[in-house]
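FYI, the numbering for the sequence shown is 44 to 429, going by the working numbering. Please read the structure below before turning to the comments.
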Amino acid sequence: MAQNNNQERGFATKLLHFGAEIDEHTGASSVPVYQASTFHHHDIFNPPEYDYSRSGNPTRQALEDAITLLEGGKRGFAFASGMAAISTAFLLLSAGDHVIVTEDVYGGTYRLLTTILTRLGIESTFVDMTDLDAVKAALKSNTKAVYMETPSNPTLKITDIGAVCSWAKEKGLLTLLDNTFMTPYHQRPIEHGVDVVLHSATKFLGGHSDVLAGLAVTADESLGRRLKQLQNGLGSVLAPQESWLLMRGMKTLQARMEASERSARRMAEWLASHPEVERVYYPGLPDHPGRDIHERQSLGYGAVVSFDVGSGERAKALMSRIQLPLVAVSLGAVESILSYPAMMSHAAMPREVRYERGISDGLVRYSVGLENIEDLLDDLDSALRG
(Lines of atoms letter the chains of each structure in order from A and count residues from 1; the text may use other names and numbers.)
(Lines give C-alpha, C1' and ligand atoms only; values in the text may rest on other atoms or scores of the structure.)
Protein backbone atom coordinates (compact mmCIF):
# COMPACT_ATOMS: atom_id res chain seq x y z
CA MET A 1 0.00 0.00 0.00
CA ALA A 2 1.34 3.44 -0.95
CA GLN A 3 0.72 4.83 2.51
CA ASN A 4 3.63 7.30 2.53
CA ASN A 5 2.33 9.10 -0.56
CA ASN A 6 -1.14 9.37 0.95
CA GLN A 7 -0.16 10.82 4.32
CA GLU A 8 0.06 14.39 2.99
CA ARG A 9 -3.27 14.29 1.17
CA GLY A 10 -6.50 15.74 2.54
CA PHE A 11 -8.84 13.53 4.53
CA ALA A 12 -11.55 13.44 1.85
CA THR A 13 -8.95 12.26 -0.66
CA LYS A 14 -7.67 9.55 1.69
CA LEU A 15 -11.20 8.20 2.08
CA LEU A 16 -11.35 7.49 -1.65
CA HIS A 17 -7.68 6.88 -2.45
CA PHE A 18 -6.31 4.71 0.34
CA GLY A 19 -4.04 2.46 -1.71
CA ALA A 20 -6.34 -0.46 -2.56
CA GLU A 21 -9.23 1.39 -4.18
CA ILE A 22 -8.51 -0.11 -7.61
CA ASP A 23 -8.03 -3.84 -8.08
CA GLU A 24 -4.51 -4.27 -9.44
CA HIS A 25 -5.44 -7.43 -11.38
CA THR A 26 -8.56 -6.25 -13.21
CA GLY A 27 -8.78 -2.49 -12.73
CA ALA A 28 -12.12 -2.90 -10.94
CA SER A 29 -13.25 0.30 -9.22
CA SER A 30 -13.71 -1.32 -5.82
CA VAL A 31 -11.88 -3.89 -3.74
CA PRO A 32 -13.01 -7.40 -4.70
CA VAL A 33 -14.78 -9.51 -2.10
CA TYR A 34 -12.48 -12.48 -1.60
CA GLN A 35 -15.14 -14.87 -0.37
CA ALA A 36 -12.65 -17.62 0.42
CA SER A 37 -11.80 -19.44 3.61
CA THR A 38 -8.46 -20.80 2.42
CA PHE A 39 -5.81 -20.15 -0.24
CA HIS A 40 -3.76 -22.46 -2.47
CA HIS A 41 -0.03 -22.89 -1.76
CA HIS A 42 1.67 -22.93 -5.15
CA ASP A 43 4.98 -23.67 -3.42
CA ILE A 44 4.75 -25.43 -0.07
CA PHE A 45 8.22 -24.22 0.86
CA ASN A 46 7.31 -20.58 0.22
CA PRO A 47 3.92 -19.96 1.86
CA PRO A 48 1.72 -17.30 0.20
CA GLU A 49 0.81 -13.99 1.86
CA TYR A 50 -2.67 -15.34 2.58
CA ASP A 51 -3.25 -18.91 3.68
CA TYR A 52 -6.41 -18.91 5.83
CA SER A 53 -8.98 -16.14 6.14
CA ARG A 54 -8.93 -16.02 9.93
CA SER A 55 -5.26 -15.08 9.73
CA GLY A 56 -5.65 -12.74 6.77
CA ASN A 57 -7.97 -11.96 3.89
CA PRO A 58 -7.25 -9.50 1.03
CA THR A 59 -10.61 -7.72 1.41
CA ARG A 60 -10.18 -7.32 5.14
CA GLN A 61 -6.57 -6.26 4.67
CA ALA A 62 -7.63 -3.41 2.39
CA LEU A 63 -9.99 -2.17 5.11
CA GLU A 64 -7.33 -2.53 7.79
CA ASP A 65 -4.87 -0.54 5.68
CA ALA A 66 -7.51 2.14 5.10
CA ILE A 67 -8.27 2.73 8.80
CA THR A 68 -4.53 2.71 9.57
CA LEU A 69 -4.04 5.51 7.06
CA LEU A 70 -7.00 7.53 8.34
CA GLU A 71 -5.96 7.28 12.00
CA GLY A 72 -2.27 7.86 11.26
CA GLY A 73 -1.17 4.62 12.93
CA LYS A 74 1.09 1.68 12.03
CA ARG A 75 -1.25 -1.36 12.02
CA GLY A 76 -5.00 -1.73 11.69
CA PHE A 77 -7.30 -4.61 12.54
CA ALA A 78 -10.92 -5.39 11.69
CA PHE A 79 -13.18 -7.35 14.03
CA ALA A 80 -16.68 -8.82 13.99
CA SER A 81 -18.06 -5.99 16.18
CA GLY A 82 -16.99 -2.98 18.19
CA MET A 83 -17.06 -5.06 21.36
CA ALA A 84 -14.92 -7.72 19.68
CA ALA A 85 -12.32 -5.02 18.98
CA ILE A 86 -12.52 -3.64 22.53
CA SER A 87 -12.42 -7.09 24.14
CA THR A 88 -9.39 -8.11 22.09
CA ALA A 89 -7.57 -4.90 22.97
CA PHE A 90 -8.18 -5.44 26.69
CA LEU A 91 -6.53 -8.85 26.36
CA LEU A 92 -3.25 -7.03 25.87
CA LEU A 93 -3.50 -7.05 29.67
CA SER A 94 -2.86 -10.05 31.90
CA ALA A 95 -4.27 -11.53 35.10
CA GLY A 96 -3.48 -9.27 38.03
CA ASP A 97 -3.40 -6.09 35.95
CA HIS A 98 -5.46 -2.98 36.71
CA VAL A 99 -6.91 -0.43 34.29
CA ILE A 100 -8.25 3.11 34.86
CA VAL A 101 -11.44 3.72 32.88
CA THR A 102 -13.69 6.67 31.95
CA GLU A 103 -16.60 6.45 34.40
CA ASP A 104 -19.47 6.99 31.94
CA VAL A 105 -18.07 4.51 29.47
CA TYR A 106 -20.27 2.66 26.93
CA GLY A 107 -22.46 0.10 28.69
CA GLY A 108 -21.04 -2.85 26.76
CA THR A 109 -17.52 -1.91 27.83
CA TYR A 110 -18.71 -1.55 31.41
CA ARG A 111 -20.29 -5.03 31.25
CA LEU A 112 -17.08 -6.53 29.82
CA LEU A 113 -14.95 -4.97 32.56
CA THR A 114 -17.25 -5.77 35.49
CA THR A 115 -18.61 -9.23 34.63
CA ILE A 116 -16.07 -10.91 32.33
CA LEU A 117 -12.58 -9.48 32.79
CA THR A 118 -12.96 -9.65 36.56
CA ARG A 119 -13.16 -13.45 36.20
CA LEU A 120 -9.81 -13.31 34.38
CA GLY A 121 -8.22 -11.34 37.21
CA ILE A 122 -8.20 -7.96 35.41
CA GLU A 123 -9.57 -5.20 37.65
CA SER A 124 -10.70 -1.69 36.82
CA THR A 125 -11.37 1.63 38.52
CA PHE A 126 -13.87 4.04 36.97
CA VAL A 127 -13.04 7.72 37.34
CA ASP A 128 -14.25 11.09 36.13
CA MET A 129 -11.65 11.70 33.44
CA THR A 130 -12.51 15.36 33.17
CA ASP A 131 -10.47 15.57 36.40
CA LEU A 132 -6.80 14.69 35.76
CA ASP A 133 -6.15 14.56 39.51
CA ALA A 134 -8.81 11.87 39.84
CA VAL A 135 -7.10 9.86 37.10
CA LYS A 136 -3.75 10.17 38.87
CA ALA A 137 -5.30 9.24 42.23
CA ALA A 138 -6.59 5.96 40.75
CA LEU A 139 -3.05 4.73 40.04
CA LYS A 140 -2.18 1.46 41.78
CA SER A 141 0.96 -0.63 41.89
CA ASN A 142 -0.56 -3.03 39.34
CA THR A 143 -2.04 -0.39 36.99
CA LYS A 144 -1.07 -1.15 33.43
CA ALA A 145 -3.45 0.86 31.24
CA VAL A 146 -5.79 3.84 30.90
CA TYR A 147 -8.97 3.51 28.83
CA MET A 148 -10.58 6.71 27.55
CA GLU A 149 -13.82 7.54 25.80
CA THR A 150 -14.16 11.14 24.70
CA PRO A 151 -16.74 12.47 24.19
CA SER A 152 -18.13 9.92 26.61
CA ASN A 153 -21.32 7.97 26.00
CA PRO A 154 -23.95 9.28 26.58
CA THR A 155 -23.19 12.40 28.64
CA LEU A 156 -20.50 13.68 26.22
CA LYS A 157 -17.90 14.55 28.85
CA ILE A 158 -14.49 15.54 27.49
CA THR A 159 -11.16 14.02 28.49
CA ASP A 160 -7.94 15.93 27.84
CA ILE A 161 -6.29 13.25 25.71
CA GLY A 162 -2.85 14.82 25.59
CA ALA A 163 -2.70 15.44 29.35
CA VAL A 164 -3.76 11.89 30.23
CA CYS A 165 -1.37 10.36 27.70
CA SER A 166 1.54 12.47 28.89
CA TRP A 167 0.99 11.31 32.47
CA ALA A 168 0.39 7.70 31.39
CA LYS A 169 3.67 7.60 29.46
CA GLU A 170 5.53 8.89 32.52
CA LYS A 171 4.10 5.92 34.42
CA GLY A 172 4.69 3.40 31.63
CA LEU A 173 0.97 2.79 31.07
CA LEU A 174 -0.75 1.66 27.89
CA THR A 175 -3.39 4.10 26.62
CA LEU A 176 -6.53 3.07 24.73
CA LEU A 177 -9.29 5.32 23.38
CA ASP A 178 -12.74 4.65 21.93
CA ASN A 179 -13.02 7.08 19.01
CA THR A 180 -16.46 5.95 17.80
CA PHE A 181 -18.27 9.27 18.29
CA MET A 182 -15.67 11.48 16.61
CA THR A 183 -14.19 9.17 13.94
CA PRO A 184 -10.76 9.97 12.49
CA TYR A 185 -12.36 12.78 10.49
CA HIS A 186 -12.87 14.85 13.63
CA GLN A 187 -10.33 13.37 16.06
CA ARG A 188 -7.06 11.46 15.65
CA PRO A 189 -6.01 10.29 19.10
CA ILE A 190 -2.66 8.83 18.02
CA GLU A 191 -1.53 12.40 17.27
CA HIS A 192 -2.15 13.16 20.96
CA GLY A 193 -0.22 10.15 22.27
CA VAL A 194 -2.75 7.30 22.37
CA ASP A 195 -1.37 3.80 21.83
CA VAL A 196 -4.51 1.98 20.62
CA VAL A 197 -7.55 3.60 18.96
CA LEU A 198 -10.82 1.66 18.87
CA HIS A 199 -14.05 2.01 16.90
CA SER A 200 -17.46 0.53 16.79
CA ALA A 201 -17.39 0.82 13.00
CA THR A 202 -21.05 -0.19 13.03
CA LYS A 203 -21.73 3.47 13.77
CA PHE A 204 -20.42 6.49 11.83
CA LEU A 205 -17.76 4.67 9.82
CA GLY A 206 -20.24 2.21 8.31
CA GLY A 207 -22.96 4.83 8.47
CA HIS A 208 -25.92 2.90 7.03
CA SER A 209 -27.20 0.56 9.79
CA ASP A 210 -26.32 -2.45 7.65
CA VAL A 211 -23.02 -3.80 8.95
CA LEU A 212 -21.67 -4.87 12.36
CA ALA A 213 -17.93 -4.22 12.69
CA GLY A 214 -15.12 -3.09 14.96
CA LEU A 215 -11.72 -1.57 14.20
CA ALA A 216 -8.48 -1.06 16.10
CA VAL A 217 -5.35 0.87 15.16
CA THR A 218 -2.02 0.74 16.97
CA ALA A 219 0.46 3.59 17.13
CA ASP A 220 3.52 1.35 16.71
CA GLU A 221 4.55 -1.93 15.11
CA SER A 222 5.32 -3.70 18.38
CA LEU A 223 1.78 -3.23 19.67
CA GLY A 224 0.52 -4.14 16.22
CA ARG A 225 2.28 -7.51 16.36
CA ARG A 226 0.78 -8.22 19.77
CA LEU A 227 -2.72 -7.27 18.66
CA LYS A 228 -2.34 -9.33 15.47
CA GLN A 229 -1.48 -12.37 17.58
CA LEU A 230 -4.62 -11.83 19.63
CA GLN A 231 -6.81 -11.27 16.57
CA ASN A 232 -5.54 -14.46 14.96
CA GLY A 233 -5.69 -16.48 18.18
CA LEU A 234 -9.18 -15.40 19.18
CA GLY A 235 -10.56 -15.42 15.64
CA SER A 236 -13.16 -12.68 16.06
CA VAL A 237 -12.39 -11.28 12.61
CA LEU A 238 -14.58 -9.33 10.20
CA ALA A 239 -15.82 -11.35 7.23
CA PRO A 240 -15.00 -10.29 3.64
CA GLN A 241 -18.52 -9.14 2.71
CA GLU A 242 -18.79 -6.97 5.84
CA SER A 243 -15.30 -5.60 5.20
CA TRP A 244 -16.39 -4.54 1.71
CA LEU A 245 -19.61 -2.96 3.02
CA LEU A 246 -17.67 -1.02 5.63
CA MET A 247 -15.21 0.31 3.06
CA ARG A 248 -18.11 1.43 0.90
CA GLY A 249 -19.65 3.28 3.83
CA MET A 250 -16.38 4.93 4.78
CA LYS A 251 -16.04 6.58 1.35
CA THR A 252 -18.74 9.10 2.27
CA LEU A 253 -17.66 9.61 5.90
CA GLN A 254 -16.59 13.25 5.58
CA ALA A 255 -19.69 14.33 3.67
CA ARG A 256 -21.99 12.52 6.11
CA MET A 257 -20.24 13.82 9.21
CA GLU A 258 -20.25 17.41 7.99
CA ALA A 259 -23.96 17.37 7.20
CA SER A 260 -24.98 15.55 10.38
CA GLU A 261 -22.85 17.80 12.56
CA ARG A 262 -24.40 20.96 11.11
CA SER A 263 -27.82 19.62 11.99
CA ALA A 264 -26.68 18.41 15.43
CA ARG A 265 -25.37 21.88 16.33
CA ARG A 266 -28.68 23.37 15.31
CA MET A 267 -30.61 20.78 17.31
CA ALA A 268 -28.49 21.28 20.44
CA GLU A 269 -29.00 25.05 20.35
CA TRP A 270 -32.73 24.58 19.78
CA LEU A 271 -33.07 22.08 22.63
CA ALA A 272 -31.14 24.35 25.01
CA SER A 273 -34.04 26.84 24.93
CA HIS A 274 -36.90 24.34 24.80
CA PRO A 275 -39.25 24.54 27.82
CA GLU A 276 -39.70 20.74 27.99
CA VAL A 277 -35.95 20.03 28.24
CA GLU A 278 -34.04 20.29 31.51
CA ARG A 279 -30.47 19.89 30.25
CA VAL A 280 -28.61 19.43 26.97
CA TYR A 281 -25.27 17.66 26.54
CA TYR A 282 -23.29 18.67 23.44
CA PRO A 283 -19.64 19.79 23.28
CA GLY A 284 -20.48 22.49 20.75
CA LEU A 285 -22.66 24.45 23.18
CA PRO A 286 -20.97 27.54 24.69
CA ASP A 287 -21.64 26.40 28.26
CA HIS A 288 -20.28 22.86 27.82
CA PRO A 289 -17.56 22.52 30.51
CA GLY A 290 -15.17 20.63 28.21
CA ARG A 291 -15.61 22.73 25.08
CA ASP A 292 -12.19 24.41 25.16
CA ILE A 293 -10.36 21.12 25.64
CA HIS A 294 -12.45 19.45 22.96
CA GLU A 295 -11.68 22.20 20.46
CA ARG A 296 -7.94 21.76 21.07
CA GLN A 297 -7.99 18.06 20.24
CA SER A 298 -10.89 17.71 17.77
CA LEU A 299 -11.94 19.32 14.52
CA GLY A 300 -15.69 19.18 15.17
CA TYR A 301 -18.34 18.51 17.76
CA GLY A 302 -19.94 15.39 16.33
CA ALA A 303 -23.50 14.41 15.51
CA VAL A 304 -24.74 13.06 18.87
CA VAL A 305 -26.86 15.21 21.19
CA SER A 306 -28.06 13.96 24.57
CA PHE A 307 -30.72 15.71 26.62
CA ASP A 308 -32.69 15.18 29.80
CA VAL A 309 -36.47 15.58 29.85
CA GLY A 310 -36.75 15.22 33.61
CA SER A 311 -38.12 11.72 34.23
CA GLY A 312 -38.36 8.23 32.87
CA GLU A 313 -42.07 8.69 32.22
CA ARG A 314 -41.48 11.76 30.07
CA ALA A 315 -38.63 10.05 28.23
CA LYS A 316 -40.81 7.05 27.42
CA ALA A 317 -43.65 9.32 26.28
CA LEU A 318 -41.23 11.10 23.96
CA MET A 319 -40.06 7.79 22.51
CA SER A 320 -43.63 6.71 21.87
CA ARG A 321 -44.63 9.96 20.10
CA ILE A 322 -41.57 10.54 17.93
CA GLN A 323 -42.11 9.90 14.22
CA LEU A 324 -38.93 10.37 12.17
CA PRO A 325 -35.92 8.85 13.94
CA LEU A 326 -35.56 5.16 14.53
CA VAL A 327 -36.15 4.38 18.19
CA ALA A 328 -33.33 1.92 18.47
CA VAL A 329 -29.97 0.90 19.83
CA SER A 330 -26.95 2.31 17.94
CA LEU A 331 -26.07 5.64 16.35
CA GLY A 332 -24.11 7.19 13.51
CA ALA A 333 -26.34 6.27 10.59
CA VAL A 334 -27.76 8.21 7.65
CA GLU A 335 -31.14 8.01 9.38
CA SER A 336 -31.53 9.66 12.78
CA ILE A 337 -31.66 7.31 15.78
CA LEU A 338 -33.19 8.12 19.16
CA SER A 339 -32.01 5.93 22.04
CA TYR A 340 -32.89 5.53 25.69
CA PRO A 341 -29.59 4.72 27.47
CA ALA A 342 -31.22 3.52 30.70
CA MET A 343 -32.85 0.61 28.87
CA MET A 344 -30.61 0.30 25.81
CA SER A 345 -26.89 1.12 25.66
CA HIS A 346 -26.45 1.24 29.46
CA ALA A 347 -28.97 -1.37 30.55
CA ALA A 348 -26.10 -3.44 31.97
CA MET A 349 -25.26 -0.65 34.41
CA PRO A 350 -27.12 -0.75 37.76
CA ARG A 351 -29.45 2.22 38.28
CA GLU A 352 -27.45 3.68 41.16
CA VAL A 353 -24.26 3.43 39.11
CA ARG A 354 -25.95 5.11 36.14
CA TYR A 355 -27.14 7.97 38.32
CA GLU A 356 -23.65 8.46 39.77
CA ARG A 357 -22.46 8.96 36.21
CA GLY A 358 -25.25 11.38 35.28
CA ILE A 359 -27.19 8.84 33.21
CA SER A 360 -30.64 9.52 34.60
CA ASP A 361 -33.96 7.90 33.70
CA GLY A 362 -34.89 11.10 31.83
CA LEU A 363 -31.83 11.09 29.57
CA VAL A 364 -32.21 10.36 25.86
CA ARG A 365 -29.57 10.31 23.12
CA TYR A 366 -30.25 11.62 19.62
CA SER A 367 -27.92 10.64 16.78
CA VAL A 368 -28.67 13.17 14.06
CA GLY A 369 -28.84 11.78 10.54
CA LEU A 370 -29.23 13.32 7.10
CA GLU A 371 -32.91 14.26 7.17
CA ASN A 372 -34.02 17.85 6.74
CA ILE A 373 -33.29 19.50 10.08
CA GLU A 374 -36.53 21.51 10.08
CA ASP A 375 -38.47 18.25 9.77
CA LEU A 376 -36.50 16.73 12.65
CA LEU A 377 -37.10 19.75 14.89
CA ASP A 378 -40.82 19.88 14.09
CA ASP A 379 -41.14 16.20 14.87
CA LEU A 380 -39.16 16.55 18.11
CA ASP A 381 -41.14 19.58 19.21
CA SER A 382 -44.44 17.73 18.72
CA ALA A 383 -43.14 14.72 20.63
CA LEU A 384 -41.82 16.83 23.50
CA ARG A 385 -45.01 18.84 23.87
CA GLY A 386 -47.27 15.83 23.49
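Idealized CB from N, CA, C, for every residue including glycine. None of these values were measured; they are calculated from a predicted model.
Could you round the C-beta distance between residue i and residue j to whole angstroms and report it? I think they count as a contact, below 8 angstroms.
| i | j | result |
| --- | --- | --- |
| E192 | V239 | No, E192 and V239 are not in contact; Cβ-Cβ is about 13 angstroms, not under 8 angstroms. |
| T223 | L296 | Going by Cβ atoms, the distance from T223 to L296 rounds to 13 angstroms, so no, they are not a contact pair. |
| A358 | D404 | 7 angstroms |
| A109 | A259 | Not confirmed; about 13 angstroms, so no contact. |
| V237 | A262 | 7 angstroms |
| V411 | V323 | In fact, because the Cβ distance is near 13 angstroms, the residues do not count as touching under 8 angstroms. |
| D140 | K187 | 4 angstroms |
| L112 | K57 | 6 angstroms |
| P449 | Q78 | Past the boundaries of the shown model lies residue 449; the chain is included only from 44 to 429, so the question cannot be answered. |
| S382 | V352 | Going by Cβ atoms, the distance from S382 to V352 rounds to 14 angstroms, so no, they are not a contact pair. |
| E107 | A121 | 5 angstroms |
| V146 | R400 | Reading off the sequence shown, one finds Glu at residue 146, where the question assumed Val. E146 to R400, Cβ: 5 angstroms. Contact. |
| T168 | V144 | 7 angstroms |
| E264 | R118 | 7 angstroms |
With a threshold of 16 other CB atoms inside 10 Å of the CB of residue i, please say whether the residue is buried or exposed.
| i | result |
| --- | --- |
| A180 | exposed |
| N89 | exposed |
| R268 | exposed |
| P329 | exposed |
| D421 | exposed |
| H235 | buried |
| R162 | exposed |
| S303 | buried |
| T152 | buried |
| G116 | buried |
| N185 | exposed |
| K183 | exposed |
| G215 | exposed |
| G429 | exposed |
| Y409 | buried |
| L342 | exposed |
| S363 | exposed |
Assuming residue i is part of the alpha helix (DSSP H), what are its boundary residues?
| i | result |
| --- | --- |
| Y409 | Taken as a continuous stretch (DSSP letters only), Y409 belongs to no alpha helix (DSSP H), being part of the beta strand (DSSP E) at 406–410. |
| T218 | Where T218 is concerned, there is no enclosing alpha helix (DSSP H), although the beta strand (DSSP E) it sits in stretches over 217–221. |
| A109 | 101–114 |
| I65 | I65 -> no alpha helix (DSSP H), and no H or E assigned at all. |
| L296 | 296–315 |
| Y398 | 394–399 |
| R357 | 355–364 |
| T56 | 54–59 |
| T226 | 226–229 |
| S286 | 283–293 |
| L277 | 264–277 |
Hey, could you find the ends of the beta strand (DSSP E) residue i is sitting in?
| i | result |
| --- | --- |
| M387 | Segment: none, M387 is in no beta strand (DSSP E) and carries neither H nor E. |
| H337 | It is not in any beta strand (DSSP E) - H337 instead sits in the alpha helix (DSSP H) that spans 334–340. |
| D424 | Not the beta strand (DSSP E): D424 falls in the alpha helix (DSSP H), residues 416–428. |
| L413 | It is not in any beta strand (DSSP E) - L413 carries neither H nor E in the DSSP assignment. |
| S243 | 239–243 |
| I402 | No beta strand (DSSP E) holds I402; DSSP gives it neither H nor E. |
| G256 | The question names Gly, yet the displayed sequence has Ala at residue 256. Unbroken run through A256: none, as it is neither H nor E. |
| R118 | 118–122 |
| F350 | 347–351 |
| S373 | Neither: S373 is in no beta strand (DSSP E) and is coded neither H nor E. |
| V320 | Element bounds for V320: n/a, residue is neither H nor E. |
| I380 | 380–382 |
Express the C-alpha separation of residue j and residue i in angstroms, rounding to a whole number.
| i | j | result |
| --- | --- | --- |
| G53 | L59 | 10 angstroms |
| T173 | I336 | 10 angstroms |
| L371 | D253 | Going by the sequence as given, residue 371 is Ala instead of Leu. Approximately 14 angstroms, taken between the alpha carbons. |
| Q340 | G355 | 34 angstroms |
| G70 | G250 | 27 angstroms |
| D424 | I402 | 22 angstroms |
| A430 | L175 | Only positions 44 to 429 of the chain appear in the structure, and residue 430 is not among them; the question remains open. |
| Q230 | T202 | 12 angstroms |
| S388 | S373 | 8 angstroms |
| A55 | T245 | 20 angstroms |
| A426 | L281 | 39 angstroms |
| K271 | A311 | 41 angstroms |
| G375 | R309 | 17 angstroms |
| A45 | A105 | With a pLDDT of 40 at A45, under the threshold of 50, the modelled position of this residue cannot be trusted; read the value that follows with caution. Distance between the alpha carbons of A45 and A105 is about 12 angstroms. |
| S379 | H83 | 45 angstroms |
| R397 | T198 | 11 angstroms |
| T218 | A211 | 7 angstroms |
| Q366 | S316 | 22 angstroms |
| A390 | I87 | 52 angstroms |
| G164 | L277 | 19 angstroms |
| S195 | A177 | 16 angstroms |
| K200 | S209 | 20 angstroms |
| E166 | E67 | 47 angstroms |
| L160 | S96 | 28 angstroms |
| M290 | S72 | 12 angstroms |
_3 or more residues per run - each beta strand (DSSP E) lying fully within the stretch 131–206_ = 141–145, 166–170, 186–192
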